[in-house]
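Worksheet for the structure shown next.
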Amino acid sequence: MKKLIKKLTEAYGPSGNEEQIREIIRAEVGSLPDEVRVDTLGSLIALKKGTGGGKRVMLSAHMDEIGLIVSYVDEKGFLRAQPLGGVNVMTLVGSRVQFADGATGVISPEKGDEMKKDPDLAKLYIDVGATSREEAQGRLGQAASFVRPFADLGRRVVAKAMDDRIGCVVLLEVLRKLKGSPHDIYFVFSVQEEVGLRGARTSSYGIDPEVGIAVDVTGSGDTPEARKLAMKLGAGPCIKVMDGGMLSHPGINNLLIGAAESNGIPYQMEVLPGGTTDAMAIQLARSGVPASCVSIATRYVHTPSEMVDLDDVENAVKLFLAFLGQPIEV
Amino acid sequence: MLLEELSNAFGPPGCEDEVRRVLARHLRGKVDDLSTDALGNLIAFKRGTGPEPRLKVMVDAHSDEVGLMIISIQKNGLLGFRAVGGLGERMLLAKRVVVGEKRIPGVILAPPIHLAKEEDLERVIKIEQLAIDIGASNEEEAKGLVKLGDYAVPSTRFEILSEDGLRTVKGKAFDDRAGCAVAAALADGQYAVDLYLSFSAQEEVGMRGARVAAYRIAPDLAFALEGTVCNDLPKKEDSSPTSKLGKGPAITIMDHSFIADKRLVRLLVDAAEANGIPYQFKQPGIGATDSGVIHLSRTGVPSVTVAVPCRYIHNPVSILSLNDFDNTVALMKAALRRIE
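Chains A and B, in that order, give the protein sequences. The first sequence begins at 1 in my numbering and counts up one residue at a time. The second sequence begins at 331 in my numbering and counts up one residue at a time.
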């Protein structure tokens, strides 16, 4: 599984630019599903048909990652950028970014000695090694993602874009291990989550699911002086109760809890102040869908170094397999 | 000029009927169907000449403009108001407006410089402290002319500033009557695709009209036409201007509300280059347009925004170049002809 995490997290795919990561995931999905398609906004949808008598279940993990989009090229070939998603500007200084064509850029503040606690993105620029406007003009409107290699720390792993490639890994593992579920399961690798759950919104309209569950990362409260959050690494997948955009369906949550307890899978309950996931978009599709989210507690979310515990990832896969093996009556 | 009539028309969000009337008069006879929906969107349908099944193309321009609403009639006859859409208070002092269905003329109060204290000159007067003076001597007289909930908009009249060069014109509400005039001009052409021109209501308060219009039309792809920000006035730094006046239609790659469909951006660029039409990219990350809701309609709609660059939008007066306007019409016609 570490190899798969490395492959997915190191791939390029800022919001709206998911072509490369989509092809990697499409290859991983292979011929396991009964149908594979790409919808209008670019989400990859893989349908695994059930043995019958079950529900239409949508599982969603987003392929996109936060990044930057070039908004201006100056006379000397330096680039200015706007955020794609919730970029933490503090983590940008000194970072490298990559473009779809593999080109690298370095981010620098205009004046290093004037760096304050909360730097202004407008005072940072990207240096792609160009020496004139002409040389760099083609970058206008192009998106860049962080560059940071995957690191194996043993039971814990760290990478950029763990949000939400780790969710994509969970879905791929579930797809591989799934046997004999009664449900028609739509594995959705969605686009544009980081800019407003846009892919999941149109995918869920198209699929019209009876049950929806997102897989995403969530914060953790287990680091020095961290904000008070109950979630911690290694304590099992988190079953979301509430976040900034939704209240999970209690019936779905009870089924998830039941599946965990009857199979001896550790889990934790999640209340996240702020933030939300594809589950919110699914919940509000058409006339409404019972929805929840299974989250992986993650340290340093929205930085180039997001850390997860592999036990949580493996247990999330087990939780989904147990949940999907049973009838879903809510 | 249709742009002149549209710019002068009274049409704050939720009160777009005058704009609709101007457009309907212009479009009648040029399109196959004209209808107004529940939110006040005027939708014109022009059947394509291509073989069935034809693609459904939505071209959206919003009919509303930022405006004001009367929320109190004071004992002294002055009218308290709030903004409807993003019209900032710092723009409002001493501006001329028209109020309500009777189009009562008024002036937004401003303390003359003789009475202003030094600190007053440094600060922006909050909208709560502003009022519209329609010259009424008391509450009763004002109530005879205006009622609570009436709208007001600037009374700026359209005017040609320069016949040569950039061919500049000034007026109010170029955001988005410029887009409306471009969309209306498309009705003169013939296209292979089925064309739905949606003159959408209530964009300035959250893209409300376009949301339901897109649901109704269920298009295969969509263009939103706009009057967008210019940020080309003299500045010290070489950083981040958005579109420039006179440099051609501005194509959006990304704004706060959506990421443009790459195929449609390419279509526009190819159409511009093949026809020698100048174009520019709008600086990514600024503003929001009807594409934000259209692209999320139903199972998703490939969408892009094209705009006529306008200086000073969301102010009581703005300036655009008729060269940019004509080039936006030309670009849209060329792009539509490339779709089959």
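A virtual CB, placed ideally from N, CA and C, is assigned to each residue, including glycine.
For residue j and residue i, believed in contact at Cβ under 8 Å, the rounded distance
i, j, result
"A:Val308", "A:Met162", "6 Å"
"B:Phe655", "B:Ser621", "No, B:Phe655 and B:Ser621 are not in contact; Cβ-Cβ is about 20 Å, not under 8 Å."
"B:Ile669", "B:Ala472", "Not a contact, Cβ separation roughly 53 Å."
"A:Val174", "A:Leu321", "6 Å"
"A:Pro182", "A:Gly52", "6 Å"
"A:Ser340", "A:Phe150", "With chain A covering only 1 through 330, there is no way to say anything about residue 340 of chain A."
"B:Leu357", "B:Ala517", "6 Å"
"B:Leu598", "B:Val636", "6 Å"
"B:Val387", "B:Tyr526", "7 Å"
"A:Thr202", "B:Leu626", "6 Å"
"A:Glu193", "A:His62", "3 Å"
"B:Ile583", "B:Leu661", "Actually they do not touch by this definition, with Cβ atoms about 16 Å apart."
"B:Gln532", "B:Asp394", "6 Å"
"B:Ala424", "B:Ala440", "4 Å"
Interface flag, residue i vs chain A, CB-CB below 7 Å
i, result
"B:Arg628", "yes"
"B:Pro441", "no"
"B:Phe553", "no"
"B:Gly615", "yes"
"B:Phe611", "yes"
Cutoff 7 Å: residue i Cβ touching any chain B Cβ
i, result
"A:Gln326", "no"
"A:Gln82", "yes"
"A:Gly138", "no"
"A:His71", "Just to set this straight, residue 71 of chain A is Ser in the shown sequence, not His. Taking Cβ atoms only, chain B reaches closer than 7 Å to A:Ser71, which makes this a yes."
"A:Arg198", "yes"
"A:Gly16", "yes"
"A:Gly141", "yes"
CB of residue i within 7 Å of CB of residue j, strictly
i, j, result
"B:Ala683", "B:Leu336", "Residue 683 of chain B lies beyond the range of chain B shown here (331 to 670); nothing can be said about it."
"A:Val215", "A:Gly167", "yes"
"A:Leu92", "A:Leu124", "yes"
"B:Ile649", "B:Tyr609", "no"
"B:Ser543", "B:Ser528", "The question names Ser, yet the displayed sequence has Ala at residue 543 of chain B. Contact flag set, yes."
"B:His392", "B:Ser530", "yes"
"B:Phe553", "B:Val389", "yes"
"B:Ala540", "B:His586", "no"
"A:Val191", "A:Gly85", "no"
"A:Pro304", "A:Arg165", "no"
"B:Lys456", "B:Pro484", "no"
"A:Leu319", "A:Ala260", "yes"
"A:Pro316", "A:Pro209", "It is worth fixing the name first, because residue 316 of chain A is Ala in this sequence and not Pro. No."
"A:Leu233", "A:Gly219", "no"
"B:Val414", "B:Arg426", "no"
"A:Val169", "A:Leu4", "yes"
"A:Asp34", "A:Leu47", "yes"
"B:Leu408", "B:Asp463", "yes"
"A:Phe78", "A:Asp127", "yes"
"B:Pro435", "B:Gly397", "no"
"A:Lys2", "A:Asp152", "yes"
"A:Gln142", "A:Val70", "yes"
"B:Gly359", "B:His644", "no"
"B:Gly557", "B:Val659", "no"
Mind listing which residues of the segment 575–608 of chain B have their C-beta closer than 7 Å to chain A's C-betas, in chain order? Per Cβ criterion, the list reads Ile583, Met584, Ile589.
For the segment 629–646 of chain B, which residues have a beta carbon sitting closer than 9 Å to at least one beta carbon of chain A? If the cut-off is 9 Å between Cβ atoms, the segment 629–646 of chain B has Thr629, Gly630, Val631, Pro632 near chain A.
Taking only beta carbons into account, state which residues of the segment 37–50 of chain A come closer than 7 Å to chain B, listed in chain order. Residues of the segment 37–50 of chain A with a Cβ closer than 7 Å to any Cβ of chain B, in chain order: Asp39, Thr40, Leu41.
Does the segment 233–247 of chain A come close enough to the segment 350–370 of chain B to have 3 or more Cβ pairs within less than 8 Å? The segment 233–247 of chain A is not in contact with the segment 350–370 of chain B.
Below 8 Å, how does it come out for the segment 369–382 of chain B and the segment 620–638 of chain B: are there three or more Cβ pairs, yes or no? Counting C-beta pairs with one atom in each stretch, the segment 369–382 of chain B and the segment 620–638 of chain B have fewer than three that are closer than 8 Å, which means they do not touch.
When you check each C-beta in the segment 199–222 of chain A against every C-beta of chain B, which residues fall closer than 7 Å? With the criterion set as a beta carbon lying under 7 Å from some beta carbon of chain B, the members of the segment 199–222 of chain A are Arg201, Thr202, Tyr205, Gly206, in sequence order.
What residues from the segment 283–298 of chain A come within 8 Å of chain B, judged by C-beta to C-beta, listed N to C? Residues: none.
Do the segment 287–297 of chain A and the segment 251–267 of chain A touch if we need at least three Cβ pairs shorter than 8 Å? A contact exists between the segment 287–297 of chain A and the segment 251–267 of chain A.
For the pair the segment 59–77 of chain A and the segment 15–35 of chain A, tell me if three or more CB-CB distances fall below 8 Å. These segments touch.
Under 8 Å, CB to CB, which of the residues in the segment 180–197 of chain A have a partner in chain B? For the segment 180–197 of chain A, the beta-carbon criterion of a distance under 8 Å to any beta-carbon of chain B is satisfied by Gln192, Val195.
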